[in-house]
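If you're matching positions, the sequence shown starts at 1 in full-length UniProt numbering and goes up one per residue.
Written below as structure tokens is the structure these notes are about.
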Amino acid sequence: MTSSYNWKDSIVYQVYPRSFKDSNSDGIGDIRGIISKIPYLSDLGINVIWLSPVYASPNDDNGYDISDYYNIDPTFGSMEDMEELIAVSKEFGIKILMDLVVNHTSDEHEWFKEAKKDKNSKYHDYYIWSKDNKRPNDWRSFFSGSVWEFNRDTDQYYLHLFSKKQPDLNWENMELRQEIYKMMRWWLDKGIGGFRMDVCNLYSKPDLYSNPKGERDIEGLIFAPDYYANNEGIHDIIAEMNREVFSKYECLTVGENVEVTPDEAIKYVGLDREELNMVFHFELVSLSTKNNSEIKRVLKNWLPVINNGGWNSNYLSNHDNPRQVSVFGNDREYLAQSATLLGTMNFTLPGTPYIYQGEEIGMTNMLFESFDQFNDIETKNGIKILQKEGRSDDYILDYFAKKSRDNSRTPVQWSSESFSGFSDTKPWLDVNPNYKELNIEDQLNMENSILSYYKNLIRLRKEFDVFVYGDCHFVLEDKEELIAYKRTYKNQELLVLLNRSDSETQFNIPKELWNSFNNNTQLDNYGFLGKSKSLTYSHNMVLKPWQSLIFIK
Numbered sequence: 001m002t003s004s005y006n007w008k009d010s011i012v013y014q015v016y017p018r019s020f021k022d023s024n025s026d027g028i029g030d031i032r033g034i035i036s037k038i039p040y041l042s043d044l045g046i047n048v049i050w051l052s053p054v055y056a057s058p059n060d061d062n063g064y065d066i067s068d069y070y071n072i073d074p075t076f077g078s079m080e081d082m083e084e085l086i087a088v089s090k091e092f093g094i095k096i097l098m099d100l101v102v103n104h105t106s107d108e109h110e111w112f113k114e115a116k117k118d119k120n121s122k123y124h125d126y127y128i129w130s131k132d133n134k135r136p137n138d139w140r141s142f143f144s145g146s147v148w149e150f151n152r153d154t155d156q157y158y159l160h161l162f163s164k165k166q167p168d169l170n171w172e173n174m175e176l177r178q179e180i181y182k183m184m185r186w187w188l189d190k191g192i193g194g195f196r197m198d199v200c201n202l203y204s205k206p207d208l209y210s211n212p213k214g215e216r217d218i219e220g221l222i223f224a225p226d227y228y229a230n231n232e233g234i235h236d237i238i239a240e241m242n243r244e245v246f247s248k249y250e251c252l253t254v255g256e257n258v259e260v261t262p263d264e265a266i267k268y269v270g271l272d273r274e275e276l277n278m279v280f281h282f283e284l285v286s287l288s289t290k291n292n293s294e295i296k297r298v299l300k301n302w303l304p305v306i307n308n309g310g311w312n313s314n315y316l317s318n319h320d321n322p323r324q325v326s327v328f329g330n331d332r333e334y335l336a337q338s339a340t341l342l343g344t345m346n347f348t349l350p351g352t353p354y355i356y357q358g359e360e361i362g363m364t365n366m367l368f369e370s371f372d373q374f375n376d377i378e379t380k381n382g383i384k385i386l387q388k389e390g391r392s393d394d395y396i397l398d399y400f401a402k403k404s405r406d407n408s409r410t411p412v413q414w415s416s417e418s419f420s421g422f423s424d425t426k427p428w429l430d431v432n433p434n435y436k437e438l439n440i441e442d443q444l445n446m447e448n449s450i451l452s453y454y455k456n457l458i459r460l461r462k463e464f465d466v467f468v469y470g471d472c473h474f475v476l477e478d479k480e481e482l483i484a485y486k487r488t489y490k491n492q493e494l495l496v497l498l499n500r501s502d503s504e505t506q507f508n509i510p511k512e513l514w515n516s517f518n519n520n521t522q523l524d525n526y527g528f529l530g531k532s533k534s535l536t537y538s539h540n541m542v543l544k545p546w547q548s549l550i551f552i553k
């Protein structure tokens with residue numbers, strides 16, 4: 001990259017606008033609501049806001065179906081509001097990272113309106129169509145059902161890897177590429193600080209007429225990411241995007257990569273590649289078994305990306321995944337301890353830490369009691385599929401109560417006031433009932449809160465370069481309950497001990513390792529939360545359930 005922007009120092013906070021803060025009493029979060037909370041985010045210590053889509057959209061997929069890249073959806077405000085958000089954020093030293101959703105558009109985008117009317121329109125080739133009136137393959141959409149939808153006017157099927165209202169763009173069309181690059185430059189010229197690139201490793205789709213072997217679902221369909229993820233040609237596209245756009249600005253670029261391996265990821269983020277700054281991968285959040293052995297396996301598997309000059313994104317939840325403390329922690333008996341332990345892990349591993357809104361206070365999954373509480377299109381489609389398979393309503397409700405993306409989309413819990421201080425009217429999605437005990441206002445007034453702990457994590461990361469640049473080696477690997485690693489950079493060393501379990505764990509720590517840090521405990525989540533005294537060395541060290549320790553020398 002030719003940019004001099006030191007993006008490795010980024011501490012990113014994701015804002016899902018619809019659920020962040022409502023300023024105009026319509027029950028939906030908006031840009032002016034975000035502006036009102038910039039001082040709060042600045043006080044937290046973050047320096048980048050990843051803003052989920054606010055573009056004009058019919059909102060079939062809550063903004064990830066864009067009908068106009070050059071306009072703001074009236075639900076969220078106006079272009080003037082957006083410009084003010086960019087300006088105010090800049091005053092506080094915060095960059096705005098916009099979601100770049102260009103694998104597909106909305107079917108209500110003007111390009112697609114023209115494309116579906118006439119095969120001879122130049123816009124027809126902006127999208128991907130079957131050669132005739134037969135479906136080219138049996139691929140299943142990310143949102144269930146076929147990836148193909150029939151269009152009567154042209155007697156063809158069009159491709160949509162997601163909703164049928166999200167037709168996929170044809171990145172083989174050079175004119176389309178230039179339209180996209182023009183739009184990206186337009187936003188960067190407005191002052192945004194970069195892009196989080198939605199499913200950017202799916203742009204290239206050269207082979208539409210092949211089917212994988214394997215078991216089909218009840219509709220005769222099969223999930224087939226090997227045929228459209230990380231395809232030949234994708235790196236030419238991303239490298240061209242870098243040359244045409246990124247290299248001309250001081251900006252941060254983050255690629256969301258579906259079905260990507262470490263070996264493939266380094267091709268996107270290696271220093272010699274000139275493509276992206278960092279990637280999101282799904283290997284950790286997609287683990288079916290969340291035990292420590294599997295977590296450590298994934299973490300070690302991705303270390304070579306960093307060691308070979310690439311960069312990674314550290315996260316355990318976002319708008320597409322349930323709340324991290326409910327999935328990777330224990331939100332019942334050890335809410336505060338597990339919330340702070342998971343924050344410790346995200347902030348001390350190599351890579352850039354991401355905070356999803358509400359994580360800094362330990363927001364949990366929602367208690368869903370009926371199907372009509374769900375809003376998410378992926379969840380609604382999934383319910384229909386399981387009903388076709390003959391699953392009971394109790395099974396389906398229990399499954400999606402844990403898995404639904406709506407878990408992370410409930411309104412931010414600002415206070416114990418009605419509707420959690422998010423709005424003064426009923427929100428678009430139910431507020432989690434635990435807002436009266438779990439909210440930002442209360443934690444701001446508590447010396448030893450989860451929120452205060454996050455502020456200290458951020459302070460340490462800014463103070464010690466080893467958090468950002470240190471190499472990483474896992475230690476004490478004989479204990480299943482422990483996730484432990486040591487990092488070194490120049491004359492700084494960092495030791496992190498995490499007891500990710502519901503039980504006390506005893507372990508032997510070499511005395512020379514203990515002495516090398518002189519018991520210099522920088523952050524103990526039990527001590528911080530007022531639950532333990534200072535540590536002393538013994539042959540059998542003991543960590544309490546969900547205790548995390550950070551040592552620095």
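C-beta atoms are modelled at their ideal positions from N, C-alpha and C, and glycine is treated no differently.
Which listed residue (377, 397, 376) has its alpha carbon closest to that of residue 386: Locating residue 386 in the sequence shown gives position 386, where the first residue counts as 1. Nearest neighbour of residue 386 by Cα position, chosen from 377, 397, 376, turns out to be 397.
Bridge-paired residues (DSSP) for residue 498: Taking the first residue of the sequence shown as 1, we reach residue 498 at position 498. DSSP output for residue 498 lists 483, 548 as bridge partner(s).
Span separating the alpha-carbon of residue 256 from that of residue 282: One-based indexing of the sequence shown puts residue 256 at position 256. One-based indexing of the sequence shown puts residue 282 at position 282. Residue 256 and residue 282: Cα-Cα distance of roughly 9 Å.
So for residue 315, helix, strand or coil by DSSP? On the sequence shown, residue 315 is found 315 positions in, with the first residue counted as 1. Residue 315: coil per DSSP, three-state reduction.
Could you please give the first and the last residue of the uninterrupted beta strand (DSSP E) stretch that includes residue 505? As a first step, residue 505 must be located in the sequence shown, where it is residue number 505. Where residue 505 is concerned, the enclosing beta strand (DSSP E) stretches over 505-507.
I'd like the ranges of any beta strand (DSSP E) spanning at least 3 consecutive residues and lying wholly in the region 237-318. 252-256, 278-280
Minimum C-alpha distance to residue 418 - residue among 8, 6, 27: The count along the sequence shown starts at 1 and reaches residue 418 at position 418. The option with the nearest alpha carbon to residue 418 is 27.
If you draw a straight line from the alpha carbon of residue 272 to that of residue 279, how long is it in whole angstroms? Mapped onto the sequence shown, residue 272 falls at position 272. Mapped onto the sequence shown, residue 279 falls at position 279. If I take the Cα positions, the gap works out to 15 Å.
Within the same chain, show all residues whose beta-carbon is closer than 7 Å to that of residue 10, passing over the 5 residues directly before and after it, in chain order. Taking the sequence shown and counting its residues from 1, the one referred to as residue 10 is at position 10. If we look at residue 10 and ignore the five residues flanking it on each side, its Cβ neighbours are 47, 48, 252, 352.
Measuring only the C-alpha atoms, how far is residue 330 from residue 178? Reading the sequence shown from its first residue, position 330 is the one you call residue 330. Reading the sequence shown from its first residue, position 178 is the one you call residue 178. The alpha-carbon atoms of residue 330 and residue 178 are separated by roughly 48 Å.
Any chance you could list the alpha helix (DSSP H) runs of at least 4 consecutive residues sitting entirely within the region 37-119, in chain order? 38-44, 79-91, 110-115
Best match in 13, 408, 471 for proximity to residue 573 [C-alpha to C-alpha]: In the structure as shown, the chain starts at 1 and stops at 553, and residue 573 therefore has no counterpart that could be examined.
Residue 275: buried (16+ other C-beta within 10 angstroms of its C-beta) or exposed? Working through the sequence shown from its first residue, we reach residue 275 at position 275. By the 16-neighbour rule on beta-carbons within 10 angstroms, residue 275 is buried.
Near residue 290, which residues of its chain fall below 8 Å by C-beta distance, leaving aside the five closest residues on each side in sequence? The residue labelled residue 290 in the question sits at position 290 within the sequence shown. Same-chain partners within the cutoff: 327, 328.
Buried or exposed: residue 56, going by 16 or more other Cβ atoms within 10 Å of its Cβ? Taking the sequence shown and counting its residues from 1, the one referred to as residue 56 is at position 56. It is buried - the Cβ of residue 56 has at least 16 other Cβ atoms within 10 Å.
How many angstroms separate the CA atom of residue 2 from the CA atom of residue 140? Locating residue 2 in the sequence shown gives position 2, counting from the first residue. Locating residue 140 in the sequence shown gives position 140, counting from the first residue. Note that residue 2 has pLDDT 44, beneath the 50 cutoff, so the model's placement of it is unreliable and no number is given.
Does DSSP put residue 541 in a helix, a strand or coil? Translated into positions along the sequence shown, residue 541 becomes position 541. Looking at residue 541 - three-state DSSP - the assignment turns out to be strand.
Alpha carbons only, please: which of 350, 348, 347, 324 is nearest the one belonging to residue 339? Translated into positions along the sequence shown, residue 339 becomes position 339. Nearest option by C-alpha distance: 324.
To the nearest angstrom, how far is the alpha carbon of residue 403 from that of residue 368? What you label residue 403 is simply residue 403 of the sequence shown in a count that begins at 1. What you label residue 368 is simply residue 368 of the sequence shown in a count that begins at 1. C-alpha separation (whole angstroms): 11 Å.
Spatial distance of residue 307 from residue 90 (CA atoms): Stepping through the sequence shown from its first residue, residue 307 is reached at position 307. Stepping through the sequence shown from its first residue, residue 90 is reached at position 90. Approximately 32 Å between the Cα atoms of the pair.
Which partner residues does residue 146 have in the DSSP bridge list? Taking the first residue of the sequence shown as position 1, residue 146 is located at position 146. Answer is 140, bridged to residue 146.
If the criterion is Cβ atoms closer than 8 Å, does the pair residue 456 and residue 364 meet it? The count along the sequence shown starts at 1 and reaches residue 456 at position 456. The count along the sequence shown starts at 1 and reaches residue 364 at position 364. Cβ distance not < 8 Å, so residue 456 and residue 364 don't count as in contact.
Run through the region 164-210 for me and flag every whole alpha helix (DSSP H) of 4 or more residues, listed as ranges in chain order. 174-189
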